[in-house]
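The opening residue of the sequence shown carries number 0 in numbering that gives the first Met the number 0; numbering runs sequentially from there.
The structure under discussion appears below in the form of structure tokens.
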Amino acid sequence: MTQRVRVAGHSHQGRMGRFLELDCQPDFAPGQHVGLSLPGGPPPRLYSVASVPGSPVLRILYTLVPEGELTPRLWELEPGDTVDVTPPAGAFFPQPARSLWIAAGTGIAPFMSMVSLLRDGFFAGQASRARGSQLTEQEKTGENGDAGPRQTAGASQAAGVNQTAGASQAAGVNQVAGANQSPAVTLLQSSRDEEDLWGQETFADLQAAGLLHYQRFVTRPGLTKIPPGIRPGRVLPWLRQLPLGELLQYNHIMICGSTQMILDTRDCLLELGAAFDRIVSEVYF
Numbered sequence: 000m001t002q003r004v005r006v007a008g009h010s011h012q013g014r015m016g017r018f019l020e021l022d023c024q025p026d027f028a029p030g031q032h033v034g035l036s037l038p039g040g041p042p043p044r045l046y047s048v049a050s051v052p053g054s055p056v057l058r059i060l061y062t063l064v065p066e067g068e069l070t071p072r073l074w075e076l077e078p079g080d081t082v083d084v085t086p087p088a089g090a091f092f093p094q095p096a097r098s099l100w101i102a103a104g105t106g107i108a109p110f111m112s113m114v115s116l117l118r119d120g121f122f123a124g125q126a127s128r129a130r131g132s133q134l135t136e137q138e139k140t141g142e143n144g145d146a147g148p149r150q151t152a153g154a155s156q157a158a159g160v161n162q163t164a165g166a167s168q169a170a171g172v173n174q175v176a177g178a179n180q181s182p183a184v185t186l187l188q189s190s191r192d193e194e195d196l197w198g199q200e201t202f203a204d205l206q207a208a209g210l211l212h213y214q215r216f217v218t219r220p221g222l223t224k225i226p227p228g229i230r231p232g233r234v235l236p237w238l239r240q241l242p243l244g245e246l247l248q249y250n251h252i253m254i255c256g257s258t259q260m261i262l263d264t265r266d267c268l269l270e271l272g273a274a275f276d277r278i279v280s281e282v283y284f
């Protein structure tokens, strides 16, 4: 059953994105999605919730697809307009374990919601002693939608993609207070350009607080000099240069992005020794 709610805010995010803020506070878990539709428009399109539980508004991250059926209409919404919203659903959930999160584009949205878990101690006890690995050394260097419906499937299915219905600065090593402990969660975020690394300020703050390893990637850098803490290129070549067995420390790996990004990333992780049953993913297209 859908609920008609008011638009509370609508703001540009970087070059290509927008936050649509809705005046409702549904009961949801980080990683879930909702469906959005407009009166007289197409059936609901599914988007991951980008706000944290308890927020005064429901926040959705999306990008404009000019030929799309919904996002051109969403783009024109102003505060006071109305949108129809379906109840939260989905099961793209984090686990209280050493975790690797990999996001591309608007695939960062569910991880924006999961930051509340980092602050609330969901991963307490999962931090491990820093191993002096290449992952840590690389961090030290500071080198240089209409997202349509997503579909849920088990991680053990032949396609290898756990397709869940639902769309879509800091350089240097984390300073973990009081010890050489490594945060329980590592986030690898990629986007076409720096402006569209949505949420990077929040993730950088979490890194500075010792709650998160955070590495940014820009696949189509337009800058002649890449800022510290951002790596040019895709995530996969960087993963492949990790020491053998590096990924074995992660008991739960979450991937969110396009179908091809998920398939490529999953295959790379398996080649590097990650266990298939430890990988879950959410695809948007």
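Ideal Cβ placement from N, Cα and C applies to all residues, glycine included.
Please read all numbers here as calculations on a predicted model, not as lab measurements.
By Cβ distance, which residues of its chain are closer than 6 Å to residue i, with the 5 residues on each side in sequence left out?
i, result
"L235", "C267"
"T185", "L99 and H212"
"L187", "I101, Q214 and V234"
"R287", "It is not possible to answer for residue 287, since the shown part of the chain is limited to 0 through 284."
Grab me the residues of residue i's own chain with a C-beta within less than 8 Å of its C-beta, minus the 5 sequence neighbours each way, in chain order.
i, result
"R233", "S189, F216 and T218"
DSSP three-state call for residue i: helix, strand or coil?
i, result
"M15", "coil"
"G8", "strand"
"T85", "coil"
"R97", "coil"
"G131", "Reliability fails at G131, whose pLDDT of 39 lies under 50, so the model's placement of it is uncertain and no value is given."
"L246", "helix"
"T1", "coil"
"G34", "strand"
"E136", "Confidence in E136 is poor, its pLDDT being 39 and thus under 50, which makes the residue's placement unreliable; the coordinate value appears in the next sentence. It is helical."
"A158", "Note that A158 scores a pLDDT of 37, beneath 50, so its modelled location is shaky; the value from the coordinates is reported in the next line. If DSSP states are grouped into helix, strand and coil, A158 belongs with coil."
"P29", "coil"
Please work out which residues of its chain come closer than 7 Å, Cβ to Cβ, to residue i, disregarding the five sequence neighbours upstream and downstream, and give them in chain order.
i, result
"V4", "L21, D22, C23, T81, V82 and V84"
"D285", "Limits of the chain in this structure are 0 at one end and 284 at the other, which puts residue 285 out of reach."
"G144", "Its pLDDT being 49, under 50, G144 is placed unreliably by the model, and the measurement read from it follows with that caveat. Cβ within range, chain order: Y61, T62, V64, T70, T105, A166, S167 and Y283."
Considering just the uninterrupted stretch of the alpha helix (DSSP H) at residue i, what are its terminal residues?
i, result
"S112", "A108 to R118"
"L262", "T258 to E270"
"R277", "First-last for R277: undefined, no H or E at that position."
"L288", "This structure gives no information on residue 288, because the portion of the chain shown stretches from 0 to 284."
What residue range does the beta strand (DSSP E) around residue i cover?
i, result
"L45", "R44 to S47"
"T62", "L57 to T62"
Open item on the list: Contact between the segment 70 to 83 and the segment 105 to 121 is defined here as three or more beta-carbon pairs at a separation below 8 Å; is this criterion met?
Closed with: At 8 Å Cβ cutoff, the stretches do not touch.
- [ ] List in chain order: all unbroken beta strand (DSSP E) runs of 3+ residues lying wholly within the segment 172 to 240.
- [x] Taking only runs of at least 3 residues, the beta strand (DSSP E) segments lying wholly in the segment 172 to 240 are 184 to 190, 212 to 217 and 229 to 231.
Task: Inter-stretch contact at 8 Å, needing at least 3 Cβ pairs: the segment 34 to 43 / the segment 115 to 124 - done: The way I'd put it, the segment 34 to 43 doesn't touch the segment 115 to 124; fewer than three beta-carbon pairs between them come closer than 8 Å.
- [ ] Take every Cβ of the segment 52 to 71, pair it with every Cβ of the segment 242 to 254, and state whether three or more of those distances are shorter than 8 Å.
- [x] Under the 8 Å Cβ criterion, the segment 52 to 71 does not count as touching the segment 242 to 254, having fewer than three qualifying pairs.
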